[in-house]
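Under this note's numbering, the residue at position 140 of the sequence shown is numbered 346, and the numbers go up by one with no gaps. Working notes, beginning with the structure itself.
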Amino acid sequence: MRTITYTIIILFLMLVYSCRQQSIDIHTFPNNVWNKDDAVAFTFNINDTIGTYDLSFFLRNNLNYQYRNLFLLVKVIYDDQIVTTDTIEYSITNKYGQWLGRGLGNMKDNYLMFNKSRNFKNSGDYKIIIRHGMRNHQLIGVNKLGFKVK
């Protein structure tokens with residue numbers, strides 16, 4: 207009986223720890239519109255400079271999103287210094303216009319890898335700033351943008 211109790215406690219603690227480590231910070235866009243001037247910023251902490259981290263984005267769009275792709279302009283900042291500046295293109299639909307994201311109804315969830323197995327030189331607090339790089343000033347149909355460090 208004790209073995210079962212200890213096993214359940216250990217499994218519960220592992221579940222709580224794994225959920226805590228993989229939380230996603232989410233920004234919600236008012237009226238499902240992302241203006242070009244509106245930068246979305248997330249902060250995250252790096253404890254281990256030896257290990258690697260996966261950085262990814264979460265995008266929720268609705269069926270009013272008008273494009274097949276999404277360009278993101280990304281800056282990673284540490285200690286008020288720009289560490290990385292990048293422009294990334296993600297496909298939102300295939301060439302036939304079918305949504306690549308998952309979801310029921312008019313909302314589609316997209317999980318987009320930014321950096322896989324990335325090393326950081328310094329431990330501490332980092333900031334990531336994201337803007338859209340599309341031609342139109344307003345992106346209609348963008349509901350949420352999230353960021354995850356795993």
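C-beta: ideal position from N, C-alpha, C; glycine also.
Quiz item: Per the contact definition of three or more C-beta pairs closer than 8 Å, is the region 342-351 in contact with the region 280-300?
Solution: Contact between the region 280-300 and the region 342-351 is absent, because fewer than three Cβ pairs lie under 8 Å.
Quiz item: ASN200 bridges to which residues according to DSSP?
Solution: Coverage of the chain is limited to positions 207 through 356, which leaves residue 200 absent and any answer about it impossible.
Practice problem: Would you identify the three-state DSSP class for ASN251, choosing helix, strand or coil? | Solution: Annotated three-state conformation of ASN251 is strand, per DSSP.
Self-check item: The beta strand (DSSP E) enclosing ILE232, as first and last residue numbers
Solution: ILE232 -> beta strand (DSSP E) spans 231-234.
Exercise. Report yes if the CB atom of PHE326 is closer than 8 Å to the CB atom of ASP231, and no otherwise.
Key: At least 8 Å separates the beta-carbon of PHE326 from that of ASP231.
Quiz prompt | Cβ pair count under 8 Å reaching 3, the region 262-271 against the region 239-249 | solution = The answer is no - the region 239-249 does not touch the region 262-271, with fewer than three Cβ pairs under 8 Å.
Quiz item: How is ASN270 classed by DSSP in three states: helix, strand or coil?
Solution: Three-state result, ASN270: coil.
Quiz item: To the nearest angstrom, how far is it from the Cα of HIS338 to the Cα of ASN253?
Solution: Whole-angstrom Cα-Cα distance: 29 Å.
Quiz item: What number of angstroms, rounded off, separates the C-alpha of LYS356 from the C-alpha of TYR259?
Solution: Taking the straight line joining both Cα atoms gives about 6 Å.
Quiz item: So, using beta-carbon positions, are ASP315 and PHE235 closer together than 8 Å?
Solution: In terms of Cβ geometry, ASP315 and PHE235 do not form a close pair [threshold 8 Å].
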